[in-house]
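Working notes, beginning with the structure itself.
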Amino acid sequence: MAAGEEQLGSGVASHVPQSGGDYLVAPVRLAAVHLNKPRDVAILCQLALATGHAEISFVGDDTLAADHPKVHQILSSWHVTDPRHLLKERTAVYPGGIGELRAASGDARLIGTVVNGGRNAFRFDWRPDDVVVMGGANGLSQKDVAMMDDTVTIPTAAEVPFYTTPVVASALTYHILGKRGLWSIVAPGTYNL
Numbered sequence: 591m592a593a594g595e596e597q598l599g600s601g602v603a604s605h606v607p608q609s610g611g612d613y614l615v616a617p618v619r620l621a622a623v624h625l626n627k628p629r630d631v632a633i634l635c636q637l638a639l640a641t642g643h644a645e646i647s648f649v650g651d652d653t654l655a656a657d658h659p660k661v662h663q664i665l666s667s668w669h670v671t672d673p674r675h676l677l678k679e680r681t682a683v684y685p686g687g688i689g690e691l692r693a694a695s696g697d698a699r700l701i702g703t704v705v706n707g708g709r710n711a712f713r714f715d716w717r718p719d720d721v722v723v724m725g726g727a728n729g730l731s732q733k734d735v736a737m738m739d740d741t742v743t744i745p746t747a748a749e750v751p752f753y754t755t756p757v758v759a760s761a762l763t764y765h766i767l768g769k770r771g772l773w774s775i776v777a778p779g780t781y782n783l
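Residue numbers (my numbering): 591 to 783.
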């Protein structure tokens, strides 16, 4: 068990982490590149706060960060109390781009999300320190993809050519956290299950 973690007699954890580093399982590490729509950034922030087990890096000088006033306004309209404070330890900004993210990530693999041609994201062997790298409205550039250690694709029907960044982030976050066992160890009433 992690420091500060409680365990009930049933082997179920009794609380949701409130700050970065206090996790029941390894958090999902997300990185948004070329993401400049405030609502999309706000949805990623909401995802990190709702799961309690996601960290987000905002990468590149063309990417909005969690502290942008419009992002804060959207989160506040969703009744998130003091989003800047809550996100402080769960977010990072790397204006220097993917190279700066890689340097800060140590030995972690950068796994890019691509519309097609990547490995099936739901059959992928996710490691605890992997960083899921997602592009904004136009996805990751070819240059971005070349900097990845691997790429994944979420299967989709032919009628839907791609998923939006918030959908990719949500699908992968909940999938990875499920594989790491989070949903089987949280106590009833801890999350809205």
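Cβ atoms here follow ideal geometry from the backbone N, Cα and C, with glycine treated the same way.
Ala747 vs Arg680 beta-carbon contact at 9 Å: Sequence index remark: in the sequence shown, residue 747 carries index 157 (1-based). Sequence index remark: in the sequence shown, residue 680 carries index 90 (1-based). Result no, Cβ atoms of Ala747 and Arg680 do not sit closer than 9 Å.
First through last residue of the alpha helix (DSSP H) which encompasses Ala694: On the sequence shown, position 104 is the one that residue 694 refers to. Taken as a continuous stretch (DSSP letters only), the alpha helix (DSSP H) holding Ala694 covers 688–695.
Span separating the alpha-carbon of Pro685 from that of Asp651: To locate residue 685, count along the sequence shown from 1; it is residue 95. To locate residue 651, count along the sequence shown from 1; it is residue 61. Each residue's alpha carbon lies about 5 Å from the other.
Trp716, buried or exposed, once every other Cβ within 10 Å from all chains shown has been counted against 16: Locating residue 716 in the sequence shown gives position 126, where the first residue counts as 1. By the neighbour-count rule (16 or more Cβ atoms within 10 Å), Trp716 is buried.
For Gly702, the first and last residue of its enclosing alpha helix (DSSP H): Residue numbering aside, residue 702 sits at position 112 when the sequence shown is read from its first letter. That residue, Gly702, is in no alpha helix (DSSP H); its beta strand (DSSP E) goes 700–703.
Contact test: Leu762 Cβ vs the ligand FMN heavy atom, cutoff 8 Å: Because no ligand of any kind appears in the structure shown, any question about the ligand FMN cannot be addressed here.
C-beta contact flag for Asp630 and Pro751 at 9 Å: On the sequence shown, position 40 is the one that residue 630 refers to. On the sequence shown, position 161 is the one that residue 751 refers to. Contact: no.
CB contact flag (Val569, Pro628, <9 Å): Residue coverage of the chain in this structure runs from 591 to 783, which leaves residue 569 outside it and unanswerable.
Rounded C-alpha distance that separates Ala640 from Ser774: Numbered from its first residue, the sequence shown carries residue 640 at position 50. Numbered from its first residue, the sequence shown carries residue 774 at position 184. Taking the straight line joining both Cα atoms gives about 16 Å.
Sequence-distant residues of the same chain with beta carbon closer than 6 Å to Ile646, five excluded per side: The count along the sequence shown starts at 1 and reaches residue 646 at position 56. Answer for Ile646: Leu620, Leu634, Ala638, Thr681, listed in chain order.
Cβ-based burial, Ala656 [other Cβ within 10 Å; buried from 16]: Translated into positions along the sequence shown, residue 656 becomes position 66. With 16 or more other Cβ atoms within 10 Å, it is buried.
Span separating the alpha-carbon of Thr743 from that of Ala622: The sequence position of residue 743 within the sequence shown is 153, counting from 1. The sequence position of residue 622 within the sequence shown is 32, counting from 1. Approximately 16 Å between the Cα atoms of the pair.
Cβ neighbour criterion (16 or more within 10 Å) applied to Thr671: Stepping through the sequence shown from its first residue, residue 671 is reached at position 81. Under this definition Thr671 is an exposed residue.
Length at least 4, wholly inside the region 645–686: the alpha helix (DSSP H) runs in chain order: 659–667, 673–677
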